[in-house]
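Going by this note's numbering, the sequence shown opens with residue 16, and the numbers climb by one from there.
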Amino acid sequence: MIGEEIHDLAKKLFPINRSITGNGVRKTLNALREICPSMTINEVPSGTKVFDWEIPNEWNINNAYLIDPDGKKIIDFADNNLHVLNYSTPINTELDLIELEKHIYSLIDQPNAIPYVTSYYSPRWGFCLSHKMRQTLQPGKYKAVIDSTLKPGSLTYGEIIIPGESTKEIFLSTYICHPSMANNELSGPCVTIFLAKWLQSLTHRKYTYRIVFIPETIGSITYLSKNLDQMKKQVIAGYNVTCIGDDRSYSYLPSRNGQTLSDEMAKHILKWTDKEYKKYSWCDRGSDERQYCAPGIDLPIATIMRTKYGQYAEYHTSLDNLTNVVTPSGLEGGFTVLKKSLEGLEKNCFPIITVLGEPQLGKRGLYPTISTKTSGIEVRMMMDFISYSDGCTSLLEIAEKCQVPIWDLYSILDKLVEHGLIKIL
């Protein structure tokens, strides 16, 4: 099962410490490139101006721990990489509990969870721990060590270009900047790399596919700063891929425009996958769709998710794991709905009937010689399809008018094209 394969990859990548820069990102990209060797890995130096931003210094960490007054190591980065404030500056000091309290983070309402906390652009150091552990801290001297580096380096991202018959592009973007969290981080890149593998296996592709694995926000801004002119000319549809691995729900977040081909295809596929899927508005945005749909950029990018970021209790904590949150079946569902969306974009076209009036189906072997309950439905569907094939109505619009999933029309389209009754514009 594809879900098991994706889940196995997520388990392999889960322990890697990732951030918006650093060796954890490179290690993750190299593992993904084993699945799609055509991926190129790109480095953008610290200090590079990207629109209104600047690539920050690169952050790496070797080790970190906290020793209590009794000499016991109570926090160890090796046990869970969420224990350290992401992008923490180095520290090696002894300090009293009252001073340490200024540098530790926990969640009162989730006492068993280690929170995910970052400070990318303001230098500070800190530890993250469960509130339950925090309440056990005793007065006295603590030894705090964070063996990290923050110095000029680069931002790293991966890119896969899969050529098609047309230079028009479908764009997929996912982020690789979070440490050990399953739905909010690993579901996106793991599902996306298997989508890339599937796309590469196709013998025919109408469109070219541009697929990127980037650090969130600064990565999308960086990528756009280098590729925007071409993307504005070429990209006709695409999706931001995140939070795609749990079993709880399906969700849709629109582009800023809200009426792009990406939006219409997403709503159609989700309607026929889960009629109870959750619809969000542009005001609920929070991931890289903010950059792709920003004024002046205006790419047609929507988001298809399982449970949306920020809408599940485990979000941005150590509880977002590969057991209770992300499952093989959840990943398979996420993969399947995105695959169907891409298939829909590939198959979408403007069919036009080649004869005047109603065609004679019998002489072409398209009308059943025996009438049954199901044969009548099949003929009716074919005739409905033909009646909307005016060269101005897309396959997706025909599916909506006929109130059927678009994939029910693929074989009808192929059959009518084969018999010369339909041309594709």
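Each residue gets a CB set at the ideal place from its N, CA and C atoms; glycine is no exception.
What I want to know is whether the C-beta of N107 ends up closer than 6 Å to one or more non-hydrogen atoms of the ligand MN. With respect to small molecules bound, the structure shown includes none, and the ligand MN cannot be examined in it.
Can you check the stretch 120 to 163 for any beta strand (DSSP E) of at least 3 residues that lies completely inside it and give the ranges in chain order? Counting whole runs of 3 or more residues, the stretch 120 to 163 contains no beta strand (DSSP E) stretch at all.
Quick check: what's the CA-CA separation for Y265 versus R379? Each residue's alpha carbon lies about 42 Å from the other.
Helix or strand or just coil, what does DSSP make of A93? Note: A93 maps to coil in three-state DSSP.
P84 to T351 span [Cα, whole Å]: Between P84 and T351, the C-alpha separation is close to 53 Å.
Considering only their Cβ atoms, is the gap separating M280 from G359 smaller than 7 Å? Judged by beta-carbon spacing, M280 lies within the 7 Å limit of G359, meaning their Cβ atoms are closer than that value.
Bounding residues of the alpha helix (DSSP H) (the contiguous stretch that carries A25): In the DSSP annotation of this structure, the continuous segment of the alpha helix (DSSP H) that includes A25 starts and ends at I17 to L28.
Go through its chain and collect everything with a Cβ distance to N101's Cβ below 6 Å, but skip five positions before and after it. Short of 6 Å from the beta carbon of N101, and not among the five residues preceding or following it, lie these beta carbons of its own chain, in chain order: S34 and T133.
Give me the DSSP bridge partner(s) of E73. For E73, which the question treats as bridged, DSSP gives the partners K166.
Residue nearest to T369 in terms of C-alpha spacing, selected from N45, K27 and L440: Of N45, K27 and L440, the residue nearest in Cα terms is L440.
Could you tell me which of P204, N72, T342 and Y157 sits nearest to I50, measuring between CA atoms? Of the candidates P204, N72, T342 and Y157, the residue whose Cα lies closest to the Cα of I50 is P204.
Quick check on the DSSP output: what are the complete beta strand (DSSP E) runs of length 3 or more inside the stretch 337 to 398, in order along the chain? Runs of the beta strand (DSSP E) inside the stretch 337 to 398: 366 to 368.
Contact between the stretch 228 to 238 and the stretch 55 to 67 (3+ Cβ pairs under 8 Å): With three or more CB-CB distances shorter than 8 Å, the stretch 228 to 238 counts as touching the stretch 55 to 67.
Name the two residues that bound the continuous alpha helix (DSSP H) containing L428. Y425 to E433 is the extent of the alpha helix (DSSP H) around L428.
Within the same chain, show all residues whose beta-carbon is closer than 7 Å to that of Y425, passing over the 5 residues directly before and after it, in chain order. Shown here for Y425: same chain residues with a beta carbon closer than 7 Å to its own, the five before and five after excluded, namely K362 in chain order.
Between which residues of its own chain and S302 is the CB-CB distance below 6 Å, once the five residues before and five after are set aside? N255 and T257, listed in sequence order.
Take C417 and list the residues in its own chain whose beta-carbon comes closer than 6 Å to its own, dropping the five residues that flank it on each side. Only D399 meet the Cβ criterion.
Please list, in chain order, all residues of the same chain as N107 whose beta carbon is under 6 Å from its beta carbon, the five residues on each side excluded. The beta carbon of N107 sits closer than 6 Å to those of V160, all from its chain and outside the five residues before and after it, given in chain order.
Per DSSP, what kind of secondary structure is S266 in: helix, strand or coil? In this structure, S266 counts as strand in the three-state DSSP scheme.
Please go through the same chain and pick out, in chain order, the residues whose beta-carbon is closer than 7 Å to the beta-carbon of I208, but skip the five residues on each side of it. Taking C-beta separations shorter than 7 Å and ignoring five residues to either side along the sequence, the partners of I208 in its chain run L47, I50 and C51, following chain order.
Which of the three DSSP states, helix, strand or coil, is assigned to L217? In the three-state reduction of the DSSP assignment, L217 falls in the coil class.
Beta bridge counterpart(s) of D456 as assigned by DSSP: Residue numbering for the chain in the displayed model covers 16 to 440; residue 456 lies beyond these limits and cannot be assessed.
Quick one: what does DSSP say N101 is sitting in, helix, strand or coil? If DSSP states are grouped into helix, strand and coil, N101 belongs with the strands.
Around the Cβ of P194, are there at least 16 other Cβ atoms within 10 angstroms (buried) or fewer (exposed)? Around the Cβ of P194, a 10 Å sphere holds 16 or more other Cβ atoms; the residue is buried.
Excluding five sequence neighbours on each side, which residues of the same chain lie with their C-beta closer than 8 Å to the C-beta of N72? Excluding its 5 nearest sequence neighbours in each direction, N72 has C-beta neighbours in its own chain below 8 Å: T36, S61, L165, K166, P167 and G168, listed in chain order.
Skipping 5 residues on each side, what residues in its chain have a beta carbon closer than 7 Å to that of Y403? Correct list, in chain order: I413 and K416.
Compute the distance between the beta-carbons of T171 and E69, then report whether it is under 7 Å. Between T171 and E69, the CB-CB gap reaches or exceeds 7 Å.
Own chain partners of H283 with C-beta closer than 8 Å, once the 5 adjacent residues on each side are dropped: Excluding positions up to five away in sequence, the list reads G359, L411, A414, E415, P420 and I421.
Alpha carbons only, please: which of I427, I367 and L376 is nearest the one belonging to M396? In terms of Cα proximity to M396, the closest of I427, I367 and L376 is I427.
Could you spell out the range, first to last residue, of the alpha helix (DSSP H) harbouring R305? Segment E304 to Y307, the alpha helix (DSSP H) holding R305.
So which of R225, T338, A79 and S216 has the shortest CA-CA distance to M196? Closest option to M196, Cα to Cα, is T338.
Starting from I56, trace the beta strand (DSSP E) in both directions and tell me its first and last residue. Segment T55 to P60, the beta strand (DSSP E) holding I56.
Beta strand (DSSP E) runs contained entirely in the stretch 272 to 336, provided each spans 3 or more residues: If we require 3 residues or more, the beta strand (DSSP E) runs fully inside the stretch 272 to 336 come out as 316 to 320.
Beta-carbon proximity list for S181, same chain, < 8 Å, skipping 5 on both sides: Beyond the five residues adjoining it in sequence on each side, S181 comes within less than 8 Å, by CB distance, of K221, Y222 and T223 in the same chain, given in chain order.
Could you check how far apart the C-beta atoms of Y80 and N199 are, in whole angstroms? I think they sit under 8 Å. Going by Cβ atoms, the distance from Y80 to N199 rounds to 26 Å, so no, they are not a contact pair.
Please classify G37: does DSSP put it in a helix, a strand, or coil? It is coil, neither helix nor strand.
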